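For the sequence shown, the working numbering assigns the number 463 to the last residue and increments by one with no breaks. For each residue, glycine too, the CB sits at the ideal point set by N, CA and C. A quick note: this is a predicted structure, and the numbers were derived from the prediction, not measured.
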Amino acid sequence: AILLCLNGVLPMASVWNVSLDEWNGDCAMGYWIWIVGMTGGFVGLFLSVYIPGSISKSEVCFLDVVSIHQTDSALMERGIYGLGGFLKVAKELRVLWSPPYLSRLWCVFELAAYRTANPNGKIVLNPLFIESVCTIMFLGSLLGSLLFQYTMLRKMSATMTNSAYLFGTLPLLVAIHVLRREVKLRHLLAKGLREFDLRNADCRNDFDREFIYAGIIQWYGSKEAFTRYVRGSLRRELIGCTYMQLKMPPTYLLLICLGPISTSFESILALLMGDCPAEIVVRFACGRILATDICWSLLCLKLALNLCDTLGACTWPGCLNFVNSLLIHMIYCLCSVAGGTIGSIVWKQGLAVSLLWLGANVLLIVLMIFLSMIIQKKIACKMEEEQTQDNDVTPSYTPVSFNVSFH
57 AILLCLNGVL
67 PMASVWNVSL
77 DEWNGDCAMG
87 YWIWIVGMTG
97 GFVGLFLSVY
107 IPGSISKSEV
117 CFLDVVSIHQ
127 TDSALMERGI
137 YGLGGFLKVA
147 KELRVLWSPP
157 YLSRLWCVFE
167 LAAYRTANPN
177 GKIVLNPLFI
187 ESVCTIMFLG
197 SLLGSLLFQY
207 TMLRKMSATM
217 TNSAYLFGTL
227 PLLVAIHVLR
237 REVKLRHLLA
247 KGLREFDLRN
257 ADCRNDFDRE
267 FIYAGIIQWY
277 GSKEAFTRYV
287 RGSLRRELIG
297 CTYMQLKMPP
307 TYLLLICLGP
317 ISTSFESILA
327 LLMGDCPAEI
337 VVRFACGRIL
347 ATDICWSLLC
357 LKLALNLCDT
367 LGACTWPGCL
377 NFVNSLLIHM
387 IYCLCSVAGG
397 TIGSIVWKQG
407 LAVSLLWLGA
417 NVLLIVLMIF
427 LSMIIQKKIA
437 CKMEEEQTQD
447 NDVTPSYTPV
457 SFNVSFH
């Protein structure tokens, strides 16, 4: 899109009037980078699952719902009772968690079998809501950035431009409310692990129940010992995972920032097409794209996540519960607009001021990472203290012989 625009192939939608002390000019500007970038992103997302294994480095996984026969009872039984072989060689057990997970005896049994057969394996808790929330935030970011650029090209006032951006970020309000609800479920998960009772786990038939109990007793010595293990070692391991600390992968956060970054690249393209001096282009890239659209946006998102984590357990009855979500959204929007306003002013003041704004944002990100490391260390210390106080049983793995053996 950039090359086509530079060569005059794609028409520009409007003109951006740039008025600085050292340079004035009318720069042709459009939406092509935003359109092509977003289209390419969605197409790449949908086609990624069809990328050949020689190109993609994704590892092979055993997904029980598709790897075990679901209609033939004999094949299903062989698959279920052969789970131990897969668990023993798997580097990681990834749990797609939902609230009823610990109430299902087979799910609990998989955790027991994996940790017993694979003591050095990694257990990862991956709730599906992270991806759905990220998608909602991504769409809100796209809509907000599009409306911001539209009002800017229409030469509307700064108030109208910021109002349009805030209107476009309304999907973020939905995402914040979902996050707060999931934080509450996270607290329920921690509570469920502390109060776990094997006798309350559901199973669809007595044969499976007896098989699972036989395996648990053989590995942990007794049902009570396994209950202590879930309440102790397993709880500590799961509490230390990403979900329990409400983190989003950095790639997800950058994806959410893609909308503002695309609109800023439209401005960079407009400056290049308007024969703007290189120094102005550089300071726009530093003060606007790197400092504001990336660093400041990441800080605002992190602030929203922390507020969701802090206020997630505070619930009010009925519709009043939405007030907390609205408050978090307002704080996020105020910080985002404030940073965007500063970024719009800073890049016009010179390269030194732009670099200073960029340095301040980088320093804040480093501070945020440092604080996260301190919190992580405190959690690890707390888990170690609990471990010294507990007397968890160390399981030993041997295949269960109950009509069918693990292979």
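At least 3 beta-carbon pairs within less than 8 Å: the stretch 330-340 vs the stretch 303-310: By the Cβ test, the stretch 330-340 is not in contact with the stretch 303-310, since fewer than three Cβ pairs between them sit closer than 8 Å.
Residues bridged to residue 73 [DSSP beta-bridge criterion]: Here residue 73 is bridged, per DSSP, to 82.
Same chain, Cβ closer than 7 Å to residue 316, five either side skipped, listed in chain order: Taken in chain order, the residues that qualify are 197, 201, 349 and 353.
Helix, strand or coil at residue 164 [DSSP, three-state]: Note: residue 164 maps to helix in three-state DSSP.
Inter-residue CB distance, residue 180 and residue 160 (contact presumed, cutoff 8 Å): Wrong, their Cβ atoms sit about 18 Å apart, outside the cutoff.
Contact set for residue 76: own chain, Cβ-Cβ below 8 Å, skip 5 residues either direction: These residues qualify, in order along the chain: 336 and 404.
Residue 279: first and last residue of the uninterrupted alpha helix (DSSP H) it sits in: Per DSSP, the continuous alpha helix (DSSP H) segment holding residue 279 begins and ends at 279-285.
Cβ separation of residue 57 and residue 92, assumed to be a contact under 8 Å, to the nearest whole Å: Going by Cβ atoms, the distance from residue 57 to residue 92 rounds to 4 Å, so yes, they are a contact pair.
Residue 149 beta carbon near the ligand PLP (any heavy atom closer than 7 Å): As far as ligands go, the structure on display features none, and thus does not contain the ligand PLP.
Extent of the continuous alpha helix (DSSP H) run through residue 337: Counting along the chain, the alpha helix (DSSP H) containing residue 337 begins and ends at 334-340.
8 Å Cβ cutoff met for residue 343 and residue 414: A distance below 8 Å separates the beta carbons of residue 343 and residue 414.
Every unbroken beta strand (DSSP E) within the stretch 174-241, with a cutoff of 3 residues, ordered by chain: 178-181, all fully within the stretch 174-241.
Residue 61 burial status per 10 Å Cβ neighbour count (16 or more: buried): Counting Cβ neighbours within 10 Å, residue 61 comes out buried, since at least 16 surround it.
Reference residue 311, options 285, 191 and 140, closest by Cα: If we check each option's Cα against that of residue 311, 191 comes out closest.
Endpoints, beta strand (DSSP E) assigned at residue 322: Per DSSP, residue 322 lies in no beta strand (DSSP E) segment; the continuous alpha helix (DSSP H) that holds it begins and ends at 314-329.
Rounded distance between the beta-carbons of residue 66 and residue 88, thought under 8 Å: With 8 Å as the limit, residue 88 and residue 66 qualify as a contact, their Cβ atoms being about 5 Å apart.
Rounded separation between residue 169 and residue 148 - CA only: When rounded, the distance between both Cα atoms is 13 Å.
Top-ranked residue by Cα proximity to residue 96, from 215, 162, 318 and 382: If we check each option's Cα against that of residue 96, 318 comes out closest.
contact_flag[the stretch 207-216, the stretch 383-393] where n(CB pairs < 8 Å) is 3 or more: Contact annotation: the stretch 207-216 does not touch the stretch 383-393, with fewer than three C-beta pairs closer than 8 Å.
Residue 225 to residue 214 span [Cα, whole Å]: Answer to the nearest angstrom: the Cα atoms are 17 Å apart.
Cβ separation of residue 223 and residue 254, assumed to be a contact under 8 Å, to the nearest whole Å: With a Cβ gap of about 51 Å, residue 223 and residue 254 do not count as contacting.
Beta-carbon proximity check, residue 185 vs residue 238, cutoff 8 Å: Yes, these two residues count as a Cβ contact at 8 Å.
Straight-line Cα distance separating residue 326 from residue 70: Take the alpha-carbon of residue 70 and the one of residue 326: they are about 10 Å apart.
For residue 346, the nearest candidate out of 379, 365 and 396 (CA to CA): Checking every option, the nearest Cα to that of residue 346 belongs to 396.
Residue burial classification, residue 232 (beta-carbon count within 10 angstroms, cutoff 16): Result: buried.
For residue 150, three-class secondary structure by DSSP: Here residue 150 sits in strand by DSSP.
Cα-Cα separation between residue 73 and residue 80, rounded to whole angstroms: In this structure, the straight-line span from the alpha carbon of residue 73 to that of residue 80 is close to 8 Å.
Bounding residues of the alpha helix (DSSP H) (the contiguous stretch that carries residue 385): It spans 377-402 - the alpha helix (DSSP H) in which residue 385 sits, taken as one unbroken run.
Residue 40 versus 420, 328, 221 and 178, residue with shortest Cα-Cα distance: This structure cannot speak to residue 40, because the chain is shown only from 57 to 463.
Per-residue burial, residue 127 [other beta carbons within 10 Å of its own, 16 or more giving buried]: Residue 127 is exposed by the Cβ-count criterion.
For residue 427, the nearest candidate out of 324, 287 and 362 (CA to CA): Nearest of 324, 287 and 362 to residue 427, Cα basis: 362.
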